[in-house]
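Participant: Sharing a structure below in structure tokens format, with a few things to ask.
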Amino acid sequence: MIPAKGRHSEIESYDIADKNSDDSTDDEDAPRKTIPKWCLGICENIMKAIMIQESSQVDPDIIFQANRIVPPDLRLIFPRKKKFKERTSSALWTSPVLKVTSFVE
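If you count the sequence shown from 1, position 42 lands on 42 in UniProt numbering, and the numbers rise without skipping.
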């Protein structure tokens, strides 16, 4: 976006130079940096949407229609690679990675 002559841009720079520091992340209620004007309101709307999504009982398989996904024929995609003919356990995504019952004796 190029601002019109005589007008200043509303865009503010948000320095992230300390992104790799070992410090803990900012407290959402007391951030160390000032939140840019263009972000005010947007962040609140995103948080509201995340909370609604988290509290809903929507089954992702219904949204993404997991039962209609057909695995690709890797032999056609990689005809020279024998490794792709037989998939190992890393290709099994039918259950969560971690089950709570695995820690219960």
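Where is the CB? At the ideal position from N, CA and C, for every residue including glycine.
Please read these numbers as outputs of a predicted model, since none were measured by experiment.
I need the straight-line Cα distance from Ile-35 to Arg-68, nearest angstrom please.
Facilitator: Residue numbering aside, residue 35 sits at position 35 when the sequence shown is read from its first letter. Residue numbering aside, residue 68 sits at position 68 when the sequence shown is read from its first letter. Distance between the alpha carbons of Ile-35 and Arg-68 is about 43 Å.
Participant: Measure the C-alpha to C-alpha separation of Arg-32 and Ile-42 and round it to an integer number of angstroms.
Facilitator: Within the sequence shown, the letter at position 32 stands for residue 32. Within the sequence shown, the letter at position 42 stands for residue 42. Each residue's Cα considered, the two are about 19 Å apart.
Participant: Specify the secondary structure class of Phe-64 as computed by DSSP and reduced to three states.
Facilitator: Residue 64 sits at position 64 when you count from the first residue of the sequence shown. In this structure, Phe-64 counts as helix in the three-state DSSP scheme.
Participant: Distance, Cα to Cα, Glu-54 vs Met-47?
Facilitator: Within the sequence shown, numbered from 1, the residue matching residue 54 stands at position 54. Within the sequence shown, numbered from 1, the residue matching residue 47 stands at position 47. If you take the alpha carbons of Glu-54 and Met-47, they lie about 10 Å apart.
Participant: Excluding the five sequence neighbours on either side, which residues of its own chain have a C-beta within less than 8 Å of the C-beta of Asp-61, listed in chain order?
Facilitator: Translated into the one-based positions of the sequence shown, residue 61 becomes position 61. Here the set comprises Asn-67.
Participant: In whole angstroms, what is the alpha-carbon distance linking Met-51 and Cys-39?
Facilitator: The residue labelled residue 51 in the question sits at position 51 within the sequence shown. The residue labelled residue 39 in the question sits at position 39 within the sequence shown. Whole-angstrom Cα-Cα distance: 18 Å.
Participant: Could you spell out the range, first to last residue, of the alpha helix (DSSP H) harbouring Leu-74?
Facilitator: The residue labelled residue 74 in the question sits at position 74 within the sequence shown. That run of the alpha helix (DSSP H) goes 74 to 77.
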